[in-house]
Structure formats: C-alpha cells, structure tokens
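Protein sequence lines correspond, in order, to chains A and H. Residue numbers 1 to 84, in the working numbering, belong to the letters of the first sequence in order. Residue numbers 85 to 322, in the working numbering, belong to the letters of the second sequence in order. Below is one structure, written out as structure tokens; the observations come after it.
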Amino acid sequence: MEFNTNFILGCSAIGAGLAVIAGIGPGVGQGIAAGHAAAAVGRNPGAKSDVTSTMLLGQAVAETTGLYGLLIAMLLLFVKPLVP
Amino acid sequence: MGEGILLSAADIDFMVHGVFPYELFGQTVWITTTHVCVLIVMLVIIGFCIAANRVVKHAAEVPGTFQNIVELVVEMLDNMVGGVMGKYAVGFRNYIGTIFIFILLSNISGLFGLRPPTADYGVTFALGIMTFVTIHFNKFKHQKVKGVIRGLCDPWPIWAPINVIGDVAVPISLSLRLFANILSGVVMMALVYGLLAKIAVIWPAALHVYFDLFSGAIQTYVFCMLTMTYITDACTTE
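Right under this line is the structure:
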C-alpha cells in the first residue's frame, strides 16, 4: 500500500494538533500554583516578593511538559520526519 | 487552496540559515546565523566587560552612573548565588554570573533584530552539558566515589538504572526547556510578522515585551536557579 506525500503531510498536521493538547496539563498546573500563591499573598502580604519568585520558578518548571508537546508539533510540521 | 494564506506563508522565516560553508577534515561545515548572533552577543558582553574593568580600576569614592550599574549587576548576581547556595557559593559566583548574563543577553537579543542564539538546540545543549559536568565533578569531589555509589543505590541497589536515567535527564530537560521557550517566542513573532504583515504596526511591541523580555528573563532565572540547586545538592554530603 502506498501513501502519497500530501496524505502524510495532512496526518502530520493532525498529529501536531493532537500533540499540542499537552498544553492542558501545564495550564491546570500553573493555574493551581498561581491560585495558591494568591492565597499565600492574601494571608501574608509581607512575603509578596518571595511568594512571587517561588511561584514563577515552579510555573516555569511545570511548563516543561507542555513544551515537549510543542516541540513534537514543531518537528512534525517543519522538520517533516515522516515524509519519505 | 487558500491562496492568500499560502502566498504570505512564504515570508514566514524562523529557521537557522547557513551563511557560508567551509571544509574541515573532509566535511562541509556551515557557519550559521546562530554563530553570527552568538558572536555579536559575545562582542557586546566583551565591550561591556572592558568598559567595566576600566571604570572599576579607577573607582571613584562617589560612583558615577556606569560604575553604579556595574555594582548593581554584580551585587544582584552575588546575592542571588549566595542566597541559594549558601556556604558553597564561593567557587560558583563567576560561573553562574557568566551564564546568567550570557543567556539573558541571548534571550533578549530578539528585540534587536537578531535570531536569539538560545533558539538553537546546539547552544542550549552545550549549556546543559556544562551544567551536567559541573554537577558530576562536584559530586565526585565532595561525596567521593563511595558517596556517589551510595547515592546511585538510593533506596535499593535495584533502583540504580532509574537513578542513572534521572541523572541523564537533567541536562536534557534543562536545555529543552530553555530552547523550546525561546523557540516558541521566535515562531510566534515570525507568524505575526509573516501572516499579519499588513496590520502589524505597533501592537507587536506588547508581544515582544512578553516573549522576549518577560519569558527570556524568567527562563534565564529558572536555568540559573536549577543549575545552582543541582550543584548545591551535589555538594551536600549526607
């Protein structure tokens, strides 16, 4: 059975779209981190700068899994590893 | 086919380009835009360093503007490293300060029309490898061979392969995080300027502030913070 290039490109685009769904996880995680940081600042406004920097560090680390999905999408769209 | 989108898609350009090729041991090697941009960033840093050196040699009692800036930068980096690494900070202020300034300037160089060098996996992977070597050098130096083996067999000896995978994943995840963040900014800006060229007048400045300044600064901070945490972890003996 033979597939032509356009079919593979279309499937790669669908795969790229599916890979970007990985962004849901970091979105939820960063939201939880931001919510807890807001609660912490509300309880102790003096520690605002410490809380903010800790929150940003944690969010940036949590973002990694979403970025892996983004990388897969980029590879599928622009490097086209599946096209013979 | 949507002609409009496809035609304007021809202007989208965020790839690394070759500038000129040369032969090395029978292989064709390319000088790419990344090399050129790294060189420009390095020249800017070297120029700043020469100026800072001159100003610090003739340091005045009442500091001028430039001396103030230099002192501010050095003090900020010193406090950051000292705050995280504590008593192990002594030997690492130079290293962490250097990679901090280099990554920060690389990330925000997108503002000045360069393609950020950190949007090339070759650059970030080199930074990750440097961190990896530093971590393991310090691990062997402080914990000795016995401590390293004990760390590998942490809960039980059968756990060793998983610990090895965890060690190898550190530089890869560090470098991929930096690379993918900056690359996503580069791609977004290229899409905005390529597809919306007719109406991209002033508002892309806001996107530049987010993708280049904010994201770049945060990722620089995260890279240095994680490097410091890992090194402190490697230095700590039981």
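Ideal Cβ positions, reconstructed from N, Cα and C, are used throughout, including at glycine.
Under 7 angstroms by beta carbon: chain D residues contacting residue i
{"i": "residue 60 of chain A", "result": "Among the chains of the structure shown, chain D does not appear; the protein chains present are A and H."}
Buried or exposed (CB count within 10 angstroms, at least 16 for buried), residue i
{"i": "residue 304 of chain H", "result": "buried"}
{"i": "residue 99 of chain H", "result": "exposed"}
{"i": "residue 67 of chain A", "result": "buried"}
{"i": "residue 24 of chain A", "result": "exposed"}
{"i": "residue 34 of chain H", "result": "Within the shown structure, residues of chain H are numbered from 85 to 322, placing residue 34 of chain H beyond reach of any answer."}
{"i": "residue 85 of chain H", "result": "A caution first: residue 85 of chain H carries a pLDDT of 38, below 50, which makes its placement in the model too unreliable to give a value."}
{"i": "residue 121 of chain H", "result": "buried"}
{"i": "residue 63 of chain A", "result": "buried"}
{"i": "residue 203 of chain H", "result": "buried"}
{"i": "residue 97 of chain H", "result": "exposed"}
{"i": "residue 106 of chain H", "result": "exposed"}
{"i": "residue 294 of chain H", "result": "exposed"}
{"i": "residue 42 of chain H", "result": "Given a span of 85 to 322 for chain H in the structure shown, any question on residue 42 of chain H remains unanswerable."}
{"i": "residue 323 of chain H", "result": "What is shown of chain H runs 85 to 322, which leaves residue 323 of chain H out entirely."}
{"i": "residue 154 of chain H", "result": "buried"}
{"i": "residue 234 of chain H", "result": "exposed"}
{"i": "residue 165 of chain H", "result": "buried"}
{"i": "residue 319 of chain H", "result": "buried"}
Proximal chain A residues relative to residue i, where beta-carbon distance stays under 9 angstroms
{"i": "residue 260 of chain H", "result": "64, 67, 68, 71"}
Bridge partners - residue i, DSSP secondary structure assignment
{"i": "residue 102 of chain H", "result": "H:116"}
{"i": "residue 108 of chain H", "result": "H:111"}
Beta-carbon neighbours of residue i, restricted to chain H and to distances below 7 angstroms
{"i": "residue 56 of chain A", "result": "302"}
8 angstroms Cβ cut-off: residues of chain A touching residue i
{"i": "residue 257 of chain H", "result": "64"}
Close Cβ partners of residue i (< 8 angstroms) along its chain, the five nearest in sequence each way excluded
{"i": "residue 261 of chain H", "result": "303, 306, 307"}
{"i": "residue 90 of chain H", "result": "For residue 90 of chain H, the pLDDT reaches just 45, beneath the cut-off of 50, and the residue's location in the model is therefore unreliable, although a value from the coordinates is still provided. There are no such residues."}
{"i": "residue 201 of chain H", "result": "118, 121, 122, 125, 190, 193, 207"}
Residues of its chain near residue i, where Cβ-Cβ distance is below 7 angstroms and the 5 sequence neighbours each way are ignored
{"i": "residue 144 of chain H", "result": "151"}
{"i": "residue 51 of chain A", "result": "37, 40, 41"}
{"i": "residue 15 of chain A", "result": "76"}
Cβ neighbours of residue i in the same chain (closer than 6 angstroms, five flanking residues each side left out)
{"i": "residue 212 of chain H", "result": "255, 258, 259"}
{"i": "residue 5 of chain A", "result": "83"}
{"i": "residue 2 of chain A", "result": "none"}
{"i": "residue 227 of chain H", "result": "321"}
{"i": "residue 101 of chain H", "result": "117"}
{"i": "residue 286 of chain H", "result": "none"}
The ligand GTP heavy atom lying under 7 angstroms from the CB of residue i
{"i": "residue 83 of chain A", "result": "Absent from the structure shown: the ligand GTP. Ligands present: none."}
Residues of the stretch 263-280 of chain H with a CB closer than 9 angstroms to any CB of chain A: list them in chain order, please.
263, 264, 265, 267, 268, 271
Using Cβ-Cβ distances below 7 angstroms, what residues of the stretch 307-319 of chain H are close to chain A?
309
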